[in-house]
Structure formats: C-alpha cells, structure tokens
Ligand SMILES: Cc1cc2nc3c(=O)[nH]c(=O)nc-3n(C[C@H](O)[C@H](O)[C@H](O)COP(=O)(O)OP(=O)(O)OC[C@H]3O[C@@H](n4cnc5c(N)ncnc54)[C@H](O)[C@@H]3O)c2cc1C
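Chains as they are written, first to last, in our numbering: chain X, -5 to 465; chain U, -8 to 381.
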C-alpha cells in the first residue's frame, strides 16, 4: 500500500467526488479517483450544465423568433435542436477536459472504470481488473432517474431526463410528468423551442416543497408563456395513440387525457450504487441513500458518502460542500457539514431561488415570524427589462429580525440569492440587509425592499392601510 | 435592577486582576463611561468603566464570589472591545435582549462566530439575571467558564456518533425493562475446562461468550418472541438466529454477528467468533460481519462489570449481559458452599415482552447454564423456524 494510511480513494467523479479528490490532495493525501461515466458526473453530462445550456439557447431562439412576428412578416425557421446539441457536446468536452486538468495538476490519479467493493478496504475496478486498497473511501456515486410505476412507461417515446438531453428534433407536443425542478426547466426549454407543453403533477402545486406563493408565481409565469399546468393530477397509464402517445391522468375524480409526441418522466431521482457492491463494505443503503453523520462518515469506519448517494437535497453545490467536508475529515481535519444556507434554484425565466427556511417552516419553528415582500412589478429594473413577474420575500425571526430564509421568484434570482445565502449563513438581520446600499437599477434592490418591508419601512411600496374599516 | 460587571481584560496577556476598591456606593446611579471600580492587573492599574447605565446594587464584598475576585483567575474573560468578539448580527441582538455577555460565549458558527443558538444556550445556562437580592459580582459572568476550564474539544464523530445515534434511537423507540439475576456457573465453567483440556484433539478452545451463544441459540429457537423485531406496528419473527456479540474497541463498540448460530456446532461458533472479533479489532470487517443480528449478547465481565442496565441494539427486542463470575458462598440445603456465581442483566422491549415472558426466558437459560448437559435435550423449535418446513 502506498502512502501508509495517508490515502483516500474517491469513487465517482461528479461535483461530489472530484472536488473531494482535489481537497484531499491539497490536504496532503495520496488520492485515487475512480469514475466510470466521465468526469463531471451527472451534473456535467446529464444535469446542471446541459440543461442550463439548452435553456439559454432555447430562450435566445424564442427571442429571435419573436422579431419577425413583431413586424417583418417573415416566418422564422424552426429551431435547430441538433445544432444546439452539437454546441452542448463542445461545451461539455471543454469542461470535462478542464476538470481532468485540475485533477492532474493536483496529483490525483484518475482511473476510468467501475469500482466494486470487495471488503471495507479494497475495491476492484471492473474494466481493468485492478484492485485498489485504501484505509479510506469517499463514495460519490450519485443518483439515477426514478421510474414511473405505471402501465406504458416503457413505450418508445417515453423518456427520462437523460434521454431528453440527446434529442435531435423538437417534438410537436411534450407531456412532462412531474412539476419539480427538472420538470419545470424542461417544460420551459421545450416551450421556447415551440413545442406544446403540458405539465402533469400529482401534488396540489408545482415545486411543492417551497411556499405556496412561490408555486403560484412560477405557475402564473409558465402559464402565460403557454404551458398547460395540471396539478393534483395522477398519471394512470400511458398508451399508444394515432400520431403519438396519450397520457391518462386522474384529476379530481375524472380521467383526462393529454396527447404528446414525447412523454418526459421527471418524477425524482434515487441514489445509485450500480456496480458498487456497497454491502460488501458493510454498507446497507437504507431507503436508497447511505446513512451518514455530520462529518459524512458512514457506519463503517473510514468510509464516507457524499452528494446524491448520501441523500438529502440533490444539488451539485450541496454535493461539493459534502465532498470537501469528507475529504477534510479523511485528512484528519475535523469538519462538520453545514446545511443552513444551501440555495435551491430553478433556472426557468423567471428564476426561482430560495435559501434557508420557507415561510411555512419558519412559522412551524418560531413563535414570531416577520415576513417582508416586494413585487418585481414595482422594480425599475424589472419594468425596463419587461420582466415584471415574481417577488422577493424575506422571512425573519420576529424578535431579533434574524433572516431565516429568502425566496425570490424573478429574473436573475439565482444571482441575487448569493447575497441572501450570506445573510442566512451569517445570521444577518433584516436591518443589516435593509441598510446595505444596493446598486441601482438592479434586480437585487427587490431584496433590500423586501427586507425594508419586514422592518416596516419599505420605500418603494405604498404603506399598508393603517386600519381596515369595520362596518 | 441588578447588574453583573465583568472584569475587563487589560491587554492580551492579563490573566488575573485585583479589586482595589469600589468607586461607587450601593444603590448609586451610574452612567455609561463612569468609573465604577478600580482593579489592578499584573501590568497596570485601570478603571473598570460602566459600559451601560444602570444602578449599582449591594456590593456585598464579604460574599465568597466577590472575595474571590481579588486574586482569582478569569478563564472566560476576554477583550471587552465589542469588535473583538466575532458574533453574528442576530447573536448580538439576542445577547442585547437577553443580557448575555458575548465575551463569555463560545462560538460554533462560521469561522468560530458566536451564533444566535450559542447565545440562547448561554442564556439558558446562566438563567435570567437574579432579580433579588442583587449582588455585584466583579467576575466573569456566564457561570460555566468561571468554574470549569475546557481542556479540549472535538466533534462527536465516527463510531462514537454511530453508537450515540443507535442508543438514543433504542431508548426513544422502545420500552426497555431490565432484570438482574445471579446464576451458578460452576458446572458451566467446569465444562469449559473439560473442553479446553481436549483442545489437543479437537483443535479449538471454548470461551464463556462462545458457549453462551450456543446455549442462547437453542433457547431463542424455543422462544421465537425473543428473536423478533417490532417495526411499524408489526411484529417480525426471524427465521435465522443471528447472535451479535458486543466487542469493545478502544474508540467504541462493534457487534460482530454469528449467523444461524442455532445450526452451528460449538466449534464452528468459536471459530467464527474469534475470526470476527479479530477483524473487528483490526477494523477490517468482511461483508455480513456486523449485519443481520437478531439478538445481542454483551460480556460485561470483560472489563470486570457486574450488573448494568444494558440497552437493546435496535431493532432487536432483547439483549443479554453476562458479568464476571466470582466465587461466592451460597446456601445449599443447610450448608454454605462456595460456587462460581455470574451476575446477569437481561433487557427486553416491554412493548412486546412482559415480565412473565422475560422470566421464562431467564429461567430456561439459567437451567441450561447450570446444567449444561441439558443441551442434548434442548431446542425443539415451536413455530416459524426454518426446520418447520423441512
Ligand atoms: C436534468 C438535471 C438537471 C440538474 N440541474 C441542476 C442544477 O441546475 N443545479 C444543481 O445544483 N443540481 C442540478 N442537478 C442535480 C445534480 O446534477 C446532482 O445533484 C449532482 O450531480 C450530484 O453529484 P454527485 O457527485 O453526488 O453525483 P453524480 O454527479 O451523479 O456523479 C456520480 C459519478 O459517479 C460515477 N459512478 C457511479 N458509480 C460508480 C462506480 N461504481 N464506480 C465508479 N464510478 C461510479 C458516475 O458515472 C458519475 O460520474 C440536476 C440533475 C439533473 C438530472
């Protein structure tokens, strides 16, 4: 064994695994990274990056296509999805080479292949037959799309997000099953490209884990762009129809049908340990995820699990934070993962970006809660950009004004949420946020106004009526 | 209103300060910035200034706490300058509202900042400032650091936190009842010596835990309710009798499992047990070493322990603890004889097992331990066992 104990093997090269490898190498460990699916993981190849790229390209297309309608009378050619996919491949290739370079420069040895545990201190790389021994492992094997347990979900034309990211042609009509983050982003992308889009969601609202006003605002914006939204709608079966597929769903006791050329199943993801053989290491993934403590340690000494494999929020930046935490612990630097301020973003337009507690959670946990809200329809920047959808909302503790959570629905919300995350992380008060000078005109001013509102001194909003007339 | 005044730290190196005298009398009204008392540090003489307006109250210099202030040490004291304390804005606000001195609070937030939670915890610990009789105590407030000094700190991690989680889970989710008894293990230990004297021929040595696993396996087959779990309002009876044996490691405890102990000979049990214990000590577990247990045996005797209120290893429903056997005088008829007596602790989950049932189990196991020859006759599975289908 090299490095007598000062060694760690990272399994999986996604946003959980590769930063862990770099951090471990920086901390003086001898690091091996085993990855079978291409450095960058789901995030780079089938997740964050390609979806954002296609959202951007499709939004550009929609804008361009709107010009002829605005006066020239010339019809715009249909979207060149194949071309967008080629550009996507270019970008992914560039980013993957960048990741490989970073790992190499940090002295990380990368093995391409599938790692399977033989016991808690050895893995076998299937493709090469190499056995790698180490006192420490970081499992970062990610997740895979959940399947929909209904009749017809294996018909051709029914796709998960992986498959939907390599289409060559824009489908005429798309039914999206699932009104969560992935479903909404795909809905908007296909709509931008001119498809008819229907979202079918079982729960009573979109983005059901966020507050009701957030759901309502994004629903309104999507509907005004022509996307049909069916909530409280349970899919019963998918069947072949003339010219495509039919999705039957039950809505309020009635069975309805929507037809589609493509059915995208976006009903969530589950931790994936394919090929890993975790049981041989003594790990028993319960409920799909490997159980870990605050230092990302599993029940087996020396084995850590991070990212989607460890469950919780399935987000790239959460995976990275956990990966770095695990790496530091493996290197003997005691570190505890911190979940207080992990932003949750949906990259639609308007974007949805939230951090900390939702208003509903805050009201459950605290006796007194103050909420301040500012609509983008009153923001100078939003009006001049023609993007008046959404609002900024600051949720604070009643007595101290400590910022507990922020929700922003609006253009560029993802950028503005950075400031809110810092506020939550450092326990800023609404007064601190309100007294911070924000550049004008920007979208981020809405956050300040919301904080001012929570402090009872909003400038750009009419005061609430002092007393309601009682008749 | 009473007020606590903290001895200011005059420079980074000041460790103690001497109270030279009070500049104000009891019940005097004072303003922010006025001189309240004079102290002397190892370096220089200084005045403690009132940092906020208020009224001084009974200085009570005869009180031990106040008297101590003269030559006392103040581990909690730190720089009085507000900016020197790293605290989040919300923590400062809570501290102001609750009257907590931030320099007495240890921070757990980002980069060691004092958080809201830290201040709330400190406020709970110190309690509200005393209403009356008020006392001016020129020492570090915040109680904890005045009386005990932190020698080191580390996060609870790894095996410790796994154990902690498991044990809390156990106590939180089941109704545990422990019975204590003392068994005569003279015959049991004699059998062990006989077996071990034969080691040359058989090639194995018997240990108390190994033999106990063999006996337990029989009794568990006879009484399946002890080889069960309660999960989600259902009682699950296990076909396999997989007995875990708790092993102490330097940094905690692991429980290697002997699978299907009821179908193994004592020699097989012993061999497996020693292999697993060895791997546990080396922290090189093999698949299955630690999983699938249906009942746990713990040897309190290994560290001289006698009776303990042992805690069930969830989701199991019972655990047996055996203590260190000692020679004791016991009554046999009208005579006092010396016997090897072993203290035994037995914890059951009262949700599933009542006192009477627990008693029957102990009675049966005791019978086998005291008359190990009965092993020949034991173990007719009642129901649900894997022999039933054969
Ligand atoms: C469509 C979509 C859009 C998304 N958009 C966003 C977004 O905008 N922002 C965001 O924060 N998150 C987004 N996510 C989520 C994000 O992609 C994941 O949370 C993140 O990739 C998890 O990182 P990870 O390192 O845990 O796992 P992964 O990224 O899944 O990486 C796991 C890696 O391990 C490899 N591997 C698995 N098993 C083995 C084995 N046995 N041996 C060797 N290698 C193995 C895999 O091939 C893979 O490369 C999106 C996800 C999807 C599907």
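A virtual CB, placed ideally from N, CA and C, is assigned to each residue, including glycine.
Every value quoted in this text rests on a predicted model; they were computed, and no experiment measured them.
- Counting C-beta atoms within 10 angstroms of its own C-beta, residue 57 of chain X has fewer than 16 neighbours from the protein chains shown and is therefore classed as exposed.
- For the region 261 to 281 of chain U, the set of positions with a beta-carbon nearer than 9 Å to some beta-carbon of chain X reads 274, 275, 276, 277, 278, 279, 280 and 281 in chain order.
- Residue burial annotation: residue 328 of chain U is exposed, with fewer than 16 other C-beta atoms found within 10 angstroms of its C-beta.
- Within the same chain, Cβ atoms closer than 6 Å to the Cβ of residue 316 of chain U are found at 176, 331 and 333, the five residues on either side in sequence being excluded.
- Residues 214 of the same chain have their beta carbon placed closer than 8 Å to that of residue 351 of chain U, with the five preceding and five following residues left out of the count.
- For the pair residue 420 of chain X and residue 80 of chain U, the CB atoms are nearer than the 9 Å cut-off.
- Of the candidates X:26, X:2, X:4 and X:34, X:34 places its Cα closest to the Cα of residue 310 of chain X.
- Taking the CA atoms as reference points, residue 222 of chain U sits about 10 Å from residue 164 of chain U.
- Per DSSP, residue 270 of chain X is not a residue of any beta strand (DSSP E), being assigned neither H nor E.
- If you ignore the 5 residues before and after residue 245 of chain U, its C-beta comes within less than 7 Å of the C-beta of 238, 271 and 281, all in its own chain and listed in chain order.
- Contact with chain X is found for residue 101 of chain U, since one of that chain's Cβ atoms lies less than 9 Å from the residue's Cβ.
- In the DSSP assignment, residue 377 of chain X falls within the unbroken alpha helix (DSSP H) covering 374 to 378.
- Annotation: Cβ neighbours of residue 145 of chain U in chain X (cutoff 9 Å, chain order): 328.
- When only Cα atoms are considered, residue 452 of chain X and residue 372 of chain X end up about 12 Å apart.
- For the pair residue 20 of chain X and residue 96 of chain X, the Cα-to-Cα distance works out to about 12 Å.
- Residues of chain U whose Cβ lies closer than 7 Å to the Cβ of residue 115 of chain X are, in chain order, 275.
- Assignment of residue 345 of chain U by DSSP, reduced to helix, strand and coil, places it in the coil class.
- At a threshold of 8 Å, residue 97 of chain U does not count as near ligand 1, since its beta carbon sits no closer than that to any of the ligand's heavy atoms.
- Interface annotation, residue 158 of chain U: not in contact with chain X, CB-CB separation never under 9 Å.
- Under the three-state reduction of DSSP output, residue 245 of chain X falls in the strand class.
- Per DSSP, residue 29 of chain X is one residue of the beta strand (DSSP E) stretching across 24 to 29.
- For residue 259 of chain U, the Cβ stays outside the 8 Å cut-off from all heavy atoms of ligand 1.
- Of all C-beta pairs linking the region 219 to 232 of chain X to the region 282 to 289 of chain X, fewer than three are shorter than 8 Å, placing the two stretches out of contact.
- In this structure, DSSP gives residue 235 of chain U an extended state, which the three-state scheme calls strand.
- Put simply, the region 429 to 437 of chain X touches the region 395 to 411 of chain X. At least three CB pairs are less than 8 Å apart.
- Its chain contains 78, 82, 85, 86, 89, 91, 93 and 96 as the residues whose beta carbon lies nearer than 8 Å to that of residue 110 of chain U, once the 5 sequence neighbours on both sides are disregarded; these appear in chain order.
- For residue 230 of chain X against residue 242 of chain X, the beta-carbon gap comes to about 5 Å, under 8 Å, which counts as contact.
- Residue-level contact check: residue 220 of chain U does not touch chain X, since none of the beta carbons of chain X fall below 9 Å from its beta carbon.
- At least one CB of chain U lies nearer than 9 Å to the CB of residue 422 of chain X.
- Using a Cβ-Cβ cut-off of 9 Å, residue 306 of chain U does not count as an interface residue toward chain X, since no Cβ of chain X sits closer than that to its own.
- Taken through DSSP and simplified to helix, strand or coil, residue 352 of chain U comes out as helix.
- The Cβ-Cβ distance between residue 398 of chain X and residue 390 of chain X falls below 9 Å.
- Remark: the shortest separation between the CB of residue 341 of chain X and any heavy atom of ligand 1 falls under 8 Å.
- Comparing C-alpha distances from residue 288 of chain U to each of U:303, U:310 and U:347 shows the shortest one belongs to U:310.
- The alpha carbon of residue 224 of chain U has as its nearest neighbour, out of U:306, U:184 and U:195, the alpha carbon of U:306.
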